[in-house]
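Data block below; observations after.
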Amino acid sequence: MTTSTDSPRQRLRDTIVDAARARTIAAGWDAVRMGGVATTAGVSRQTVYNEFGSKAGLAEALARAEVDRFVGDVRDALLAHGSDVRAGAYAAIARTLSTAADNPLVKAILTSARGGSDELLPYLTTRAEVVLTEASGALIDWAGDHLPGADQAALAFAADTVVRLVVSHIVLPREPIEETATALADLAVRLFSAAARPTL
1 MTTSTDSPRQ RLRDTIVDAA RARTIAAGWD AVRMGGVATT AGVSRQTVYN
51 EFGSKAGLAE ALARAEVDRF VGDVRDALLA HGSDVRAGAY AAIARTLSTA
101 ADNPLVKAIL TSARGGSDEL LPYLTTRAEV VLTEASGALI DWAGDHLPGA
151 DQAALAFAAD TVVRLVVSHI VLPREPIEET ATALADLAVR LFSAAARPTL
């Protein structure tokens, strides 16, 4: 059976987003034009507009696709460590930071922002609802399996706080990844301990 993710339209959208990603990496988001994306994707310019409506719509789709990659990594890291809160938190945070540091799209976004253009950066920061929702959801899902009885409001706050801090260190890294991951993992343990008390 064909699922929505395997549908011809979804494959078309994925192709266009991949083309936008390639052009952003090559020249920066400001230089990306809908016509150029269409050429790279092998479709018409009108098709790109039909699917995404505007460049802003394409930016949002591009951000979501990248977030999906990161969140998949976070889930894998958490699952690999079961109920070991600190090990899972450290692995997920360290993997996210190292992946972001090596990610050519993230580099392109940050390089453009440092050059005075931040058209795409808000999708990682001030308009980062997708990042916060998806990444926090991964942490909450994991905690639901391994921290039974945790206070849900405190758990949501803990997950949101950890994700916001990780994003801030992606945008403005200060210390080596290992040091940052260690400090944030220690904080995550405190926050999740408060949410799960007295079961953790």
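To convert, note that position 101 of the sequence shown is 101 in UniProt numbering; the numbers rise steadily by one, no gaps.
No residue lacks a Cβ here, since even glycine has one placed at the ideal position from N, Cα and C.
### Query
How about residue 70 and residue 24: do their beta carbons lie closer than 8 Å?
Position 70 of the sequence shown holds residue 70. Position 24 of the sequence shown holds residue 24. Contact flag unset, no.
### Task
Tell me whether residue 61 is buried or exposed, calling it buried when 16 or more other Cβ atoms sit within 10 Å of its Cβ.
Numbered from its first residue, the sequence shown carries residue 61 at position 61. Under this definition residue 61 is a buried residue.
### Query
Can you tell me whether DSSP reads residue 201 as helix, strand or coil?
In the structure as shown, the chain starts at 1 and stops at 200, and residue 201 therefore has no counterpart that could be examined.
### Query
Whose C-beta lies closer than 6 Å to the C-beta of residue 138 among residues of the same chain, with five residues either side of it excluded?
Counting from one through the sequence shown, the residue named residue 138 turns up at place 138. Excluding positions up to five away in sequence, the list reads 71, 74, 75.
### Query
Do residue 34 and residue 48 have their C-beta atoms within less than 8 Å of each other?
Numbered from its first residue, the sequence shown carries residue 34 at position 34. Numbered from its first residue, the sequence shown carries residue 48 at position 48. Cβ atoms of residue 34 and residue 48: closer than 8 Å.
### Query
DSSP three-state call for residue 164: helix, strand or coil?
Within the sequence shown, numbered from 1, the residue matching residue 164 stands at position 164. Note: residue 164 maps to helix in three-state DSSP.
### Task
Indicate whether the contact test is met: 3 or more Cβ pairs, each with one atom in the stretch 8 to 17 and one in the stretch 30 to 46, closer than 8 Å.
yes
### Task
Within the same chain, show all residues whose beta-carbon is closer than 8 Å to that of residue 110, passing over the 5 residues directly before and after it, in chain order.
Numbered from its first residue, the sequence shown carries residue 110 at position 110. So the list reads 121, 171, once near-sequence residues are dropped.
#### Entry: 4-residue-minimum alpha helix (DSSP H) runs that sit fully inside the stretch 25 to 92, ordered along the chain
34 to 41, 45 to 52, 55 to 80
#### Entry: Cα-Cα separation, residue 197 to residue 105
Looking up residue 197 in the sequence shown gives position 197. Looking up residue 105 in the sequence shown gives position 105. Between residue 197 and residue 105, the C-alpha separation is close to 40 Å.
### Task
Report the three-state DSSP secondary structure of residue 144 (helix, strand or coil).
Start at 1 with the first residue of the sequence shown, and residue 144 comes out as number 144. Helix.
### Message
Please classify residue 136 as buried or exposed, where buried requires at least 16 other C-beta atoms within 10 Å of its C-beta.
### Response
Locating residue 136 in the sequence shown gives position 136, counting from the first residue. Burial is judged here by how many other beta carbons sit within 10 angstroms of a residue's own beta carbon; residue 136 has at least 16 and is buried.
### Task
Indicate whether residue 91 and residue 28 have their beta-carbon atoms separated by less than 8 Å.
As a first step, residue 91 must be located in the sequence shown, where it is residue number 91. As a first step, residue 28 must be located in the sequence shown, where it is residue number 28. Not closer than 8 Å, so no.
### Task
Compare the beta carbon distance of residue 180 and residue 97 with 8 Å and say whether it is the shorter of the two.
Here residue 180 corresponds to residue number 180 of the sequence shown, with the count starting at 1. Here residue 97 corresponds to residue number 97 of the sequence shown, with the count starting at 1. For the 8 Å CB-CB criterion, residue 180 and residue 97 form a contact.
### Query
Between the beta-carbon of residue 167 and the beta-carbon of residue 93, is there less than 8 Å?
One-based indexing of the sequence shown puts residue 167 at position 167. One-based indexing of the sequence shown puts residue 93 at position 93. Residue 167 places its beta carbon 8 Å or farther from that of residue 93.
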